[in-house]
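Quick note: the sequence shown uses my numbering, first residue 951, plus one each step.
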Amino acid sequence: MQTMRIPAFICSKLDARIRSFWWGSSSESRKPLCLKAWDSLYKPKSYGGLGFRKIDEFNRALLVKWGWSILTNVNSLCLSVLRSRYIQYDRFFDIPKKIGDSPFWKAILDIRNLLANRACYFKPTPIVEPNRGCNRVKDFISHLGSWDVQKLFAYFTPTDVTSILKITIPLNPKLDYWV
């Protein structure tokens, strides 16, 4: 499930099996009485659901996790093998699918559009060494909660600063790191 894209019809059959198990349905018994809409059970527990996952969405999330690991240069044996085999000189988003690619690699390439459209991935090119005082995103945010434009121009190219300024700063900041 984590290494290949499961076809949609198999995902829907697995979802149906989970529903029939949960509601106690079998082929010999009558249709069960469902006391709550199934879509509401897919919600996280904190939102009143039971935390069930739709198989198709979960499968895509696991594959996107592999793509994100490739983008953020996570070091692991499996990713080292993938990088040496498929990503030698190209950028991840520019690599074409080839006939000899493994099903796992093809599945990762198929979900690149999810990463490109929904993930906030931007790697600016620093003018100075990143470890000279500003190692994190929070170092470029002023005490008022907005971008420190002077510091941005001191560390990055004008093109990168323009792109950075388009990024909205969240109200509830989370841990960050220099990607």
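Glycine included, C-beta positions come from ideal geometry on N, C-alpha and C. In this text, all values refer to a predicted model and were calculated from it rather than measured experimentally.
- A distance below 8 Å between beta-carbons, with the five flanking residues on each side excluded, links tryptophan 1097 to the following residues of its chain, in chain order: Phe1090, Ile1091, Ile1114, Leu1115 and Ile1119.
- In its chain, beyond the 5 residues on either side, Ile1005 have a beta carbon closer than 7 Å to the beta carbon of leucine 964.
- When the Cα atoms are used, valine 1099 and threonine 1022 turn out to be separated by approximately 25 Å.
- Of all C-beta pairs linking the segment 1006-1019 to the segment 1052-1067, three or more are shorter than 8 Å, placing the two stretches in contact.
- The straight-line gap separating the alpha-carbon atoms of tyrosine 992 and methionine 954 is approximately 23 Å.
- In the DSSP assignment, isoleucine 1091 forms a beta bridge with Trp1097.
- In the three-state reduction of the DSSP assignment, proline 1053 falls in the helix class, which pools H, G and I.
- With distances taken between CA atoms, phenylalanine 1103 lies nearest to Thr1075 out of His1093, Gly1095, Phe1002 and Thr1075.
- For valine 1111, the uninterrupted alpha helix (DSSP H) segment begins and ends at 1108-1115.
- Taking C-beta atoms as the reference points, glycine 1001 and serine 990 fail to come closer than 8 Å.
- According to the DSSP secondary-structure assignment, proline 1076 is paired through a beta bridge with Phe1106.
- Only residues of its own chain outside the window of five on either side were considered, and among them Ser1019 and Ile1020 have a CB closer than 7 Å to the CB of leucine 1029, listed in chain order.
- For isoleucine 1045, the closest C-alpha among the options Trp972, Cys961, Gly1017 and Leu1027 is that of Gly1017.
- Relative to the Cα of alanine 1066, the nearest Cα in the group Tyr1039, Met951, Trp972 and Val1014 belongs to Val1014.
- With contacts defined by Cβ atoms closer than 8 Å, cysteine 1084 and lysine 1101 form a contacting pair.
- When the alpha-carbon of threonine 1107 is set against those of Ile1077, Lys1088, Val1087 and His1093, the nearest one is in Ile1077.
- With fewer than 16 neighbouring CB atoms inside 10 Å of its own CB, isoleucine 960 falls in the exposed class.
- Going by DSSP, aspartate 965 is part of the alpha helix (DSSP H) stretching over 958-973.
- The DSSP-derived three-state label of aspartate 1040 is coil.
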